[in-house]
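Here the sequence shown is numbered in the working numbering, starting from 12 and rising by one per residue.
To start, the structure itself, in structure tokens.
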Amino acid sequence: MKNIIMRGLAGLVLVAVIAAVGLYVVVYPRHYKADEFVALKLIAKAANQLRQSESRGSLPQEKWPYVIIDLYPKDVRVYPSGVLIPLRGFFSYESGLYIPTEEVSKKIEARKMPIYQRLGKGVYSYKIEG
């Protein structure tokens, strides 16, 4: 009987470990690579149009351009400094694309900020942890 209980507990521990690793892989933020996006220029163009024409903050899905919808984002946030497109995230962890204004882009390049990685002209991968 004791042997059966120990095997059952070992099985539960194994399931918990597999679930934790799976959750980590799915939601943990990471930087993206340019080759993961076939339409970087179109994404940048759509984001810049949103920044120039839309209100600020989180946009409702019906206002998302098709090229952004195809990314399956968690949200699209428009700010005067640029557009954030979160693709992964959980609580205070988040990663996705950031399309800043030219002025902000120059500051990012000058400061070599590790939160951002340049994917193409005007498009950055961003990763926030905690």
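Where a beta carbon is used, it is the ideal one built from N, C-alpha and C, also for glycine.
Check: Cβ of V89 within 7 Å of Cβ of W75?
Finding: Contact flag unset, no.
Item checked: Close beta carbons around V115, own chain, < 7 Å, minus the five adjacent residues each side -> S92 and G93
Check: Roughly how many angstroms separate the alpha carbons of K117 and E73, rounded to a whole number?
Finding: 32 Å
Check: What are the partner residues of K100, as DSSP defines its beta bridges?
Finding: What sits at residue 100 in the sequence shown is Gly, not Lys. According to DSSP, which records beta bridges pairwise, G100 is partnered with E105.
Next item on the list: Count the other CB atoms, across all protein chains shown, that sit within 10 Å of the CB of V134; report buried if there are 16 or more and exposed otherwise.
Entry: buried
Margin query: Rounded to the nearest angstrom, what separates A55 and R122 at their Cα positions?
Written below: Rounded to the nearest angstrom, the two C-alpha atoms are 22 Å apart.
Item checked: Three-state secondary structure assigned by DSSP to Y135 -> Here Y135 sits in strand by DSSP.
Check: Rounded C-beta distance between S103 and K138? I'm assuming under 8 Å.
Finding: That belief does not hold up - the Cβ atoms of S103 and K138 are roughly 12 Å apart, past 8 Å.
Notebook entry, point to check: To the nearest whole angstrom, what separates the beta carbons of S136 and Y43, a pair I think is in contact under 8 Å?
Noted result: 4 Å
Margin query: Tell me the DSSP secondary structure of Y90 in three-state form.
Written below: strand
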